[in-house]
Each structure stands twice: as structure tokens, then as C-alpha cells.
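Here the sequence shown is numbered in our numbering, starting from 12 and rising by one per residue.
Heads up, the beta-carbon is just placed ideally off N, CA and C, and yes, glycines get one too.
If you're wondering where the values come from, they're calculated on a predicted model, not measured in any experiment.
A short write-up of the structure that comes next.
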Amino acid sequence: MKPSRTPIARGLTACTLAVALAWSWAGQALAQSVYVSSEKDNKVLVFDAAGKLQSKIDVCKRPRHMMFSKDQTKIYVCCGDSNQLGVVDRASGKMVDTVPLGDSPEIFDLSPDGKVAYVSIEDDSVLAAYDLSTKKQLFEVKTGGEPEGVMLSRDGKFAYVTSEEANVVHLIDLSSKKIVKDIKVGNRPRRFAASPDGSEIWVSNELSANVSVIDAKTHTVKGTVAFEIKGMRASDITPVGVLMTRDGKTAWVSLGKANHVAEVDVATRKVRRTVLAGKRAWGLALSPDEKQLYVTNGLSDDMTLVDTQAGKAIRTVAVGRVPHTPLVSP
């Protein structure tokens, strides 16, 4: 017969179980979180996967682009009016630190080790690199007017930066800190998405109603994806957000003033279908299982939840004034 456990042992076992369950619940809750930056409210709103509001986090002024830290414990928030990168602790749900940036920061990407942020600084027309631990600027590279989209190469050696005024994608060597090539794309290029194998880079051209497909080896445009919506002028189709599924077979593109998102077959570069969202469909994020697409709508102050398999909007939720970026925890 096994000896019975003492009250202390039983208490320790129960305590251990309770702690384990608490950690399990906390991890599950974080895994289901959808974060949305609200430009006019200076907040990041936290929703569950179904779009139910859970909490609001006060951050810096005019929060826009967001990314998780490499360990997923923090969220970096680029704030355009206070010229800061806010640091939000996910566990406490509070902004715990800021990093000073240049005038009107837009979009950023992180180095592979997560220690450096590369930020497009719109008013200064530069790509600036910041050490996140020391909060110091490391260097800056002059770009064309209105730099916006920023994406690092997979090895972290190069940065791709869009210039909305110059209609180019700058290829910047981060070791020499120089532009090594300007890739001519469409009018007013905005955002990037890379194929999972790194062979293609897609860039949205807001005023050309298309996406340019760049060969990542030759750094030349190898094709375009054009968007049309029946009864709508091309000038009202303004693609901005773009992302790809993990298998690289499907791309989703937000069409801005057209109030739709487009599902694109990556191999054929053909639009499979478009889905009606809200006014000025802008930011995009997929759920971890990729069955749900979150679309922030900047002029209707809401977020559309799209069933990606059915190709239909299933819900619209209010998300504060001028929502910018949705961010879904993995």
C-alpha cells in the first residue's frame, strides 16, 4: 500500500496544480488576443478572437504600426505624433517604456535578434536604426520623400523601404548604410509582404491599383497584380495592406477607399475574389489558424472579421477612432 501524503504535501501538490493551471490559462488568453492601435484615441485596444473587447491600453500619441518583441512578451508601438516607440508589457497590459524617434515615424521592422528597430521617419525622409536597449539612434540613411514601408531581408543584411513620393523601393545595405539599388514600382508604394521562401517581395502601390512583385534575387519587378471592382473607378481602388499565408499560396490585400479586401492566388497572380469590409480598409492580420482575417477600417472606426474559407465578412466591431494596425498573437 502506498503511503498517504501529508497535508503539507497535498497542499504543495494543489498549489503546484493551481499555478500550472493559472499559467496555462494566461498563455491561452494571450494566444487569443487581437491588438488594435487607435490613432485618435492614443490607445491600443485588446480583443479576444471573436472580437469582444477585453481591455484598453493607454499609449503614446497617434499609435500606428505595431510588432511583437521576439520573445512575444512585449508590443512595440510606433507613435507618429509623440515621435516615440512605445513598449507595452503584455502581461500587465501597460506601456512601460518609450524610445525617442525622429519626426513622424511610420513603419518599422526588427533585426533578427530583436535588438534594433529600423524605422521610416516620414518628415526627415530617412530610415533610422535604433538600439532598443540603449534607446540611442545608431545611424540613418537618407531616402526619397515620404518613406513608409520597411522590411528586412531574411538574413537581416538589407532593408527594403518604400518612398511614396519617388515611387521606388530602396534596397539598403545595412552594413555600408547606403542605398545600393532603387527599384521602380507603381505610384505611391506603401507596404510589403514576403513569400515564405523569401523568393518574392510584394509591394502595394496605393495610386496604381496594383501590387508589384519583386524578385528577391535580382531585385527587379517580375510581375504585377491588378485590382478591379465592377462599377468602381481605378482611382478609388487604393491597395495598402498586404500579407501572405504560411504556405505562400494566398495573399490578402486591403483596397483602401474601395472598402474591400482581395484574396489573390500567388502562383497565378490573379484575384480569386473580393470581400466587402468597412470604410477605407487598411490594416490586415490573420488568426493563427488562418481561418479568420482581421481588417481595420480607418474611416468607419471599426474592424471587420472575415471568414477566409467562406470569403465572407462575419462580424464588424467598433475599435476606436481611426484604427490603424491589427496585431494577432501567435
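Beta-carbon separation (whole angstroms), residue i vs residue j, contact threshold 8 angstroms
i: Val55; j: Val70; result: 5 angstroms
i: Leu266; j: Thr249; result: 7 angstroms
i: Val196; j: Val236; result: That belief does not hold up - the Cβ atoms of Val196 and Val236 are roughly 12 angstroms apart, past 8 angstroms.
i: Val251; j: Glu217; result: 6 angstroms
i: Glu50; j: Arg291; result: Not quite, the Cβ-Cβ distance comes to about 12 angstroms (not below 8 angstroms), so this is no contact.
For residue i, the three-state DSSP class (helix, strand or coil)
i: Ala245; result: helix
i: Cys90; result: strand
i: Phe238; result: coil
i: Asn308; result: strand
i: Thr285; result: strand
i: Glu50; result: coil
i: Ala220; result: coil
i: Val251; result: coil
i: Ala60; result: coil
i: Pro74; result: strand
i: Lys349; result: Since the first residue of the chain shown is 12 and the last is 341, residue 349 is not available in this structure.
i: Ser66; result: strand
i: Leu196; result: The identity of residue 196 in the sequence shown is Val, whereas the question assumes Leu. Residue state, collapsed to three classes: coil.
i: Glu117; result: strand
i: Leu185; result: coil
i: Lys85; result: strand
i: Gly125; result: coil
Cutoff 8 angstroms; reference residue i; Cβ partners in own chain excluding five residues on either side
i: Pro207; result: Met255, Arg257, Asp258, Gly259
i: Leu23; result: Confidence is the limiting factor: at Leu23 the pLDDT is only 38, short of 50, which leaves the residue's position unreliable and the question unanswerable from this model.
i: Met78; result: Ile86, Tyr87, Phe119, Asp120, Leu121, Leu338
i: Val253; result: Arg202, Phe203, Ala204, Trp213, Val214, Ser215, Val222, Ala262, Trp263, Val264, Ser265, Leu295
i: Val127; result: Leu121, Ala140, Tyr141, Asp142, Leu143, Leu149
i: Gln65; result: Ser44, Val57, Phe58, Asp59
i: Asp82; result: Gly125
i: Leu32; result: Bear in mind that a pLDDT of 38 at Leu32, under 50, signals an unreliable position, so the number given afterwards is only what the model happens to contain. Excluding sequence neighbours, Leu32 sits near nothing in its chain.
Pairwise C-alpha distance: residue j and residue i
i: Arg284; j: Thr145; result: 47 angstroms
i: Trp263; j: Thr109; result: 32 angstroms
i: Val330; j: Leu287; result: 18 angstroms
i: Lys85; j: Gly97; result: 10 angstroms
i: Asp348; j: Gly155; result: The requested residue 348 is not part of the displayed model; the chain covers only 12 to 341.
i: Ser186; j: Gln148; result: 15 angstroms
i: Leu310; j: Val328; result: 13 angstroms
i: Cys89; j: Lys153; result: 20 angstroms
i: Ser35; j: Arg101; result: At Ser35, the pLDDT of 40 sits below 50, so the modelled position is not reliable and the matter cannot be decided from this model.
i: Arg326; j: Asp184; result: 43 angstroms
i: Val107; j: Ala245; result: 44 angstroms
i: Phe169; j: Ile225; result: 15 angstroms
i: His76; j: Ser48; result: 8 angstroms
i: Lys228; j: Leu304; result: 30 angstroms
i: Gly209; j: Arg165; result: 7 angstroms
i: Lys323; j: Ile190; result: 42 angstroms
i: Asp276; j: Glu239; result: 15 angstroms
i: Asn321; j: Asp52; result: It is worth fixing the name first, because residue 321 is Ala in this sequence and not Asn. Answer to the nearest angstrom: the Cα atoms are 33 angstroms apart.
i: Glu301; j: Glu274; result: 13 angstroms
i: Ser289; j: Lys268; result: One detail in the question is off: residue 289 reads as Gly in this sequence, not Ser. Their backbone Cα atoms lie some 9 angstroms apart in a straight line.
i: Asp247; j: Trp293; result: 14 angstroms
i: Lys72; j: Ala220; result: 31 angstroms
Per DSSP, cross-strand counterpart(s) of residue i
i: Ser174; result: Pro158, Val179
i: Gln303; result: Asp318
i: His230; result: His230 is not bridged to any residue.
i: Thr327; result: Thr315
i: Trp213; result: Ala204, Val224
i: Thr261; result: Asp276
i: Thr336; result: DSSP output for Thr336 lists no bridge partner at all.
i: Gly267; result: Ala292
i: Gln95; result: Cys90, Pro111
i: Lys105; result: Asp100
i: Ser131; result: Leu138
i: Lys153; result: Val137
i: Val191; result: BP columns for Val191 are empty, so no partner.
Cut-off 7 angstroms between Cβ atoms - residues of its own chain near residue i, not counting five sequence neighbours on either side
i: Lys192; result: Leu182, His230
i: Thr173; result: Pro158, Glu159, Gly160, Val180, Pro200, Arg201, Val214
i: Ser298; result: Ala60, Val339
i: Tyr129; result: Phe119, Asp120, Leu138, Ala140, Val161, Leu163, Ala170
Nonlocal neighbours in the same chain, by C-beta distance under 6 angstroms from residue i, ignoring five residues either side
i: Asn178; result: Asn198
i: Gly113; result: Ile132, Asp135, Ala139
i: Glu117; result: Ser131, Glu133, Glu159
i: Leu163; result: Asp120, Ala170
i: Val317; result: Val286, Leu304, Ala324
beta-carbon residue i near the ligand SAH non-hydrogen atom, thresh 8 angstroms
i: Thr256; result: With respect to the ligand SAH, the structure offers nothing, as it holds no ligand at all.
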